[in-house]
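Peer 1:
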Amino acid sequence: MERRFASAHAAHLNDALRVLALSHGRLTYLLALRGVEVGEAPLLRLRPSGADRMELVELRAALDELDGRDASVERARLARSVQERFEGLLFELAAALDAIPPDAPLPFDVGRVGHLHALRRLIDEVAG
44 MERRFASAHA AHLNDALRVL ALSHGRLTYL LALRGVEVGE APLLRLRPSG
94 ADRMELVELR AALDELDGRD ASVERARLAR SVQERFEGLL FELAAALDAI
144 PPDAPLPFDV GRVGHLHALR RLIDEVAG
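Residue numbers (the working numbering): 44 to 171.
1. Would you mind stating whether A122 and V169 have Cβ atoms separated by less than 8 Å?
2. With the cut-off set at 8 Å, would you say F151 and L133 are in Cβ contact?
3. Please classify I166: does DSSP put it in a helix, a strand, or coil?
4. Pick helix, strand or coil for A84, following the three-state DSSP scheme.
5. For L86 and G157, what's the separation of their Cα atoms in angstroms?
6. What does a CB cutoff of less than 8 Å around R103 pick up in its chain, not counting 5 residues either side in sequence?
7. Mind listing, in chain order, the continuous alpha helix (DSSP H) runs of no fewer than 4 residues lying wholly within the region 91–125?
8. Determine, using beta carbons only, whether R77 and P144 come nearer to each other than 8 Å.
9. Name the residue from G171, L162, D167 whose alpha carbon lies nearest to the alpha carbon of M97.
10. May I ask you to report which of helix, strand or coil DSSP gives F151?
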């Protein structure tokens with residue numbers, strides 16, 4: 044009985060460590076602690092604003108211009124650029140949350156999280 048109990052708790056602990064080790068999982072967890080359920084939040088609440096929305100429009104236009112086999116180099120360059128932007132924003136948001144107590148208000152607009160998700164979708168599109 045004790046062995047099963049210990050094994051179950053070890054599995055939960057390993058899952059928690061795996062989530063917290065991944066930046067995106069950590070960010071989602073830290074947001075959930077503050078009442079922002081990223082997966083279930085209304086899209087308008089997470090809608091990127093201003094410069095973020097303009098950046099997405101420009102990246103989408105760059106992707107739309109890439110067609111045919113001869114665009115593989117440009118596609119790879121765009122993929123790297125979007126991945127770098129995603130990772131930079133992910134680090135920025137996670138660091139901002141790490142720097143404040145759990146009961147403090149968010150140090151950024153939740154639209155930044157929407158921007159992060161939009162960049163993730165764009166990465167998938169560029170790769171596909």
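Glycine included, every Cβ here is placed at the ideal spot set by N, Cα and C.
Peer 2: Result, derived from the coordinates:
1. Sequence index remark: in the sequence shown, residue 122 carries index 79 (1-based). Sequence index remark: in the sequence shown, residue 169 carries index 126 (1-based). Contact: yes.
2. Stepping through the sequence shown from its first residue, residue 151 is reached at position 108. Stepping through the sequence shown from its first residue, residue 133 is reached at position 90. Taking 8 Å as the Cβ cut-off, F151 and L133 do not qualify as a contacting pair.
3. As a first step, residue 166 must be located in the sequence shown, where it is residue number 123. Assigned with DSSP and collapsed to three states, I166 falls in helix.
4. Position 41 of the sequence shown, counted from the start, is the residue given in the question as residue 84. Model confidence at A84 stands at a pLDDT of 46, short of 50, so the residue's coordinates are unreliable; what they give is reported in the following sentence. DSSP, read as helix, strand or coil, puts A84 in coil.
5. Position 43 of the sequence shown, counting from 1, holds the residue named residue 86. Position 114 of the sequence shown, counting from 1, holds the residue named residue 157. Low per-residue confidence applies at L86: pLDDT is 44, beneath 50, and the placement is therefore not dependable enough to give any value.
6. Your numbering for residue 103 matches position 60 in the sequence shown. Taken in chain order, the residues that qualify are L165.
7. Fully enclosed alpha helix (DSSP H) runs of 4 or longer: 93–108.
8. In the sequence shown, counting from the first residue as 1, residue 77 sits at position 34. In the sequence shown, counting from the first residue as 1, residue 144 sits at position 101. No.
9. Within the sequence shown, residue 97 is the residue found at index 54, counting from 1. Ranking G171, L162, D167 by CA distance to the CA of M97 puts L162 first.
10. For the purposes of this step, residue 151 is identified with residue 108 of the sequence shown, where counting begins at 1. DSSP places F151 in the coil class of the three-state scheme, outside both helix and strand.
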